[in-house]
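Before any comments, here is the structure.
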Amino acid sequence: MPNSSMTTSRKRSWRRRGVGIGSVSLAVALVALAVPMSANAAEGDIRGAGAAQAIDGSYIVVLKDGATSRSAAASHARDYGAQVRYSYNSVLRGYSATMSERQARRLAADPAVAYVEQDRVVSLRETQPSPPSWGLDRVDQRDLPLDAAYTYSTTADAVTAYVIDTGIRTTHSDFGGRATWGTNTVNDGNNTDCHGHGTHVAGTIGGKAHGVAKGVKLVAVKVLGCTGSGANSGVIAGVDWVTANARRPAVANMSLGGGLSTALDDAVKRSINAGVTYAVASGNGNTSGTPLDACTQSPARTGGALGPAITVNASTKTDEKASFSNFGKCTDLYAPGYGITSAWITSDTATRSLSGTSMATPHVAGAVALHLAVNPSATPAQVKSAITGSASTSKISSVRTDTPNRLLHLAESGTTPPPTPTPTPTPTPTPTPTPTPTPTTPPPWWCQWWCW
């Protein structure tokens, strides 16, 4: 995931434009109350009001679960002079809308409303271009040095991975026709990846050359635009779409994030409750590159020992904590995230090396896909337990005491071929060993810009 910094001009641009967002055609159940907009109307609190990267005039309205009548979101919003952008039906009962702060505060006092949250900018979690990839080589062995091989016993052909990101260059040769378009909540009329981040992430999840799960089906869920930024309201719409349309067994990757958002966190948790396992990036610190507690970031804080998501930190080739990686009890494990080579958007054979917790997270999403291939009925909680339980422990140096010192490892997740049976001392013939698949050698250093 890139650092979530934005220039002052871009912040002003977001506030001036309010983020170009369209509507999702989903019905919303609520109690429609005609509320007079009098000067002394009751007002409630707005969560995240005036927070960093808040989007002026854009709000997320979450309704109480007890609101059951089938009125339209537009009707409810219109009572307060608001205009609906997105309606949510699968992961949240509510909608996002444009309105003034005064209108939002009055809406927050509506008995049918659970809370109103100010919309915020959400960004990618990558950092800078860097040396070629080594991640596949690391995750299939317990200890260094690397053995220049990646061994696997399944390709997860029956699993679907949803890449909630900037889209995917579906024609890239690394995907072999397995990448398809899901939805575009940016509504920019550009159903392709015009940034590159989503394609890179997808390649690490399931590219035939660069991927952990080399046969997984990849679905693009575009929630961020060409600049790599978007709004929480649009990301929630993407999570809502995944929940309503997921082909299980399924995993979702979120290599993005920003400041705290109860609405986004609730959406991710409810999607997990619906049966989709989520791998989420912990983040790359603040605008100065100083790591932050992941419990202060959304959706990163949905992970950890008490959270249902798998929140991922980044490690280096020498098993050190990446200098930019966030930390804390809301995280679950480390995965390779520095100098990771994967697919890129400049051609159907292009590659590029990037660093960030964005690059670490798809290694875990790929591992989830491999586990689901062997255990298709596993719940997200069971998958998380398997992934964290099979991780190598105490391998990463410079880890804080409040952060789990686990490194992604595939063996006990059903991804390593069965061991060769040990012959017994009796005359009984020894069973024929199960052959080990041919190792896949990671791309050489000169593959940073091109590879077949």
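Those letters in the sequence shown? Residues -41 to -1, 1 to 411, per mature numbering (1 follows the signal peptide of the UniProt record, and there is no 0), in order. Heads up, the beta-carbon is just placed ideally off N, CA and C, and yes, glycines get one too. For clarity, every value in this text was computed on a predicted model and none was experimentally measured.
1. Which runs of the beta strand (DSSP E) spanning at least 3 residues fall entirely within the stretch 247 to 332, listed in chain order?
2. Using beta-carbon positions only, say whether V75 and L83 come within less than 7 Å of one another.
3. Note the first and the last residue of the continuous beta strand (DSSP E) segment covering A73.
4. D252 to Y297, Cα distance in whole Å?
5. Can you check whether the CB of T139 is closer than 7 Å to the CB of V180?
6. Determine, using beta carbons only, whether N212 comes closer than 7 Å to chain B.
7. For my contact list, A240 and V271 are in at a C-beta cut-off of 8 Å; report their separation, rounded to the angstrom.
8. Looking at C-beta atoms only, is the number of pairs between the stretch 207 to 223 and the stretch 255 to 269 that lie closer than 8 Å three or more?
9. Check the DSSP bridge columns for T352 and list the partner residues they point to.
10. Can you give me the Cβ contacts of Q341 inside the same chain, cut-off strictly under 8 Å, excluding the 5 residues immediately before and after it?
11. Which same chain residues, not among the five before or five after T275, have their C-beta less than 6 Å away from its C-beta?
12. What does DSSP give as the partner residues of A211 in its beta bridges?
13. Buried or exposed for S284, going by 16 or more other Cβ atoms inside 10 Å?
14. What residue ranges within the stretch 183 to 227 form continuous beta strand (DSSP E) runs of no fewer than 3 residues, ordered along the chain?
15. Is V72 closer than 7 Å to Y54 when the C-beta atoms are compared?
16. Under three-state DSSP, which class holds A41?
17. Which of helix, strand or coil does DSSP assign to L177?
18. Inspect the beta-carbon positions of L78 and A196 and report whether they are closer than 7 Å.
19. Could you tell me the alpha carbon to alpha carbon distance between D106 and I164, rounded to whole angstroms?
20. Specify the secondary structure class of L22 as computed by DSSP and reduced to three states.
21. What would DSSP say about R64, mapped onto helix, strand or coil?
22. What does the Cβ neighbour count give for P363, buried or exposed, with the cut at 16 atoms within 10 Å?
23. Whole angstroms are fine: how far does the CA of T186 sit from the CA of D99?
24. Shortest alpha-carbon distance to D4 belongs to which of A32, A33, R61, N48?
25. For I127, name the three-state secondary structure that DSSP assigns.
So, from the data block:
1. 269 to 274, 292 to 295, 299 to 302, 310 to 315
2. Taking the first residue of the sequence shown as 1, we reach residue 75 at position 116. Taking the first residue of the sequence shown as 1, we reach residue 83 at position 124. Taking 7 Å as the Cβ cut-off, V75 and L83 do not qualify as a contacting pair.
3. Indexing the sequence shown from 1 puts residue 73 at position 114. Residues 72 to 83.
4. Counted from its first residue, the sequence shown places residue 252 at position 293. Counted from its first residue, the sequence shown places residue 297 at position 338. Each residue's Cα considered, the two are about 20 Å apart.
5. Translated into positions along the sequence shown, residue 180 becomes position 221. Translated into positions along the sequence shown, residue 139 becomes position 180. No. Outside cutoff.
6. Of the chains in the structure shown, none is chain B; there is only one protein chain.
7. Residue mapping note: residue 240 aligns to position 281 of the sequence shown, counting from 1. Residue mapping note: residue 271 aligns to position 312 of the sequence shown, counting from 1. Between V271 and A240 the Cβ distance is about 6 Å, and since that is below 8 Å, they are a contact.
8. yes
9. Residue numbering aside, residue 352 sits at position 393 when the sequence shown is read from its first letter. In DSSP, T352 forms a bridge with R365.
10. Start at 1 with the first residue of the sequence shown, and residue 341 comes out as number 382. Excluding sequence neighbours, Q341 sits near N334.
11. Residue numbering aside, residue 275 sits at position 316 when the sequence shown is read from its first letter. Correct list, in chain order: A281, Y297.
12. The count along the sequence shown starts at 1 and reaches residue 211 at position 252. Beta-bridge pairing links A211 to Y121, Y237.
13. Looking up residue 284 in the sequence shown gives position 325. Answer is buried; the Cβ neighbour count reaches 16.
14. 188 to 190, 209 to 213
15. What you label residue 54 is simply residue 95 of the sequence shown in a count that begins at 1. What you label residue 72 is simply residue 113 of the sequence shown in a count that begins at 1. Result no, Cβ atoms of Y54 and V72 do not sit closer than 7 Å.
16. Translated into positions along the sequence shown, residue 41 becomes position 82. Note: A41 maps to coil in three-state DSSP.
17. As a working note, residue 177 is residue 218 in the sequence shown. Three-state result, L177: strand.
18. For the purposes of this step, residue 78 is taken as the residue at position 119 of the sequence shown. For the purposes of this step, residue 196 is taken as the residue at position 237 of the sequence shown. This sequence places Asp at residue 78; Leu is not what is there. Their beta carbons are not under 7 Å apart, which means D78 does not touch A196 by this criterion.
19. By one-based count along the sequence shown, residue 106 stands at place 147. By one-based count along the sequence shown, residue 164 stands at place 205. Going from the Cα of D106 to the Cα of I164 covers about 21 Å.
20. To locate residue 22, count along the sequence shown from 1; it is residue 63. L22 falls in the strand class under three-state DSSP.
21. What you label residue 64 is simply residue 105 of the sequence shown in a count that begins at 1. DSSP places R64 in helix when its eight states are reduced to three.
22. Translated into positions along the sequence shown, residue 363 becomes position 404. So P363 counts as buried.
23. Here residue 99 refers to the residue found at position 140 of the sequence shown. Here residue 186 refers to the residue found at position 227 of the sequence shown. Near 34 Å, if we compare the C-alpha coordinates of T186 and D99.
24. As a position in the sequence shown, residue 4 is number 45, starting the count at 1. Out of A32, A33, R61, N48, R61 has the C-alpha closest to the C-alpha of D4.
25. Your numbering for residue 127 matches position 168 in the sequence shown. The answer is coil: DSSP assigns I127 none of H, G, I, E or B.
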